[in-house]
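Structure first, commentary second.
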Amino acid sequence: MKGAVISMLVVLAMVAFVAKPGEAITCADVNSYLASCVPFLTGGAGAPTAACCTGVSKLKDNAVSTADKQAACNCVKAAAAALPTIKDDAASSLPGKCNVPLNIPISKNTNCKE
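Here the sequence shown stands for residues -24 to -1, 1 to 90, where the numbers follow mature numbering (1 follows the signal peptide of the UniProt record, and there is no 0).
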């Protein structure tokens, strides 16, 4: 489990540079909001932690414009694709389990331009 968390943190650090300059939200922001969700997303925890849900809420609050949502979506998609242990069902259920209506899909197969 520690190896998976360390791997995810390395992936999150690498993905931090995916966002285009000038956008209000960055991959570093997105990654910091969702880092505590890794145990849930990889199946290591049965439910997201309070810290994870706080991060999901921060993501919602900070990704307001369409450009922000698309940038956040691309960051999440890149991080999810780089970590194959992420469970698609856990990722798609995360906003609901946190009771946060998030208009940003959490999946490695999402079209972020829609």
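Glycine included, each C-beta is placed from N, C-alpha and C at the ideal position.
{"Check": "Coarse secondary structure for C3, derived from DSSP in three states", "Outcome": "helix"}
{"Check": "Exposure label - V40; buried when at least 16 CB within 10 Å", "Outcome": "exposed"}
{"Check": "Start-to-end residues for the alpha helix (DSSP H) that takes in C49", "Outcome": "42 to 58"}
{"Check": "Pairwise C-alpha distance: A23 and F16", "Outcome": "6 Å"}
{"Check": "Same chain only: Cβ atoms within 7 Å of A66, ignoring 5 sequence neighbours per side", "Outcome": "F16, L17, G19"}
{"Check": "Residue environment, P(-4), which counts as buried when at least 16 other CB atoms sit within 10 Å", "Outcome": "Confidence at P(-4) is low in this model, with a pLDDT of 44, below 50, so the placement of that residue should be treated as unreliable; the coordinate-derived value is given next. P(-4) is exposed by the Cβ-count criterion."}
{"Check": "Within 7 Å, strictly: CB atoms of Q56 and K34", "Outcome": "A quick correction: the sequence has Ala, not Gln, at residue 56. The answer is no: Cβ separation not under 7 Å."}
{"Check": "Residue 95 versus C29: straight-line alpha-carbon distance, rounded", "Outcome": "One cannot answer for residue 95 here, as it falls past the ends of the chain, which runs -24 to 90."}
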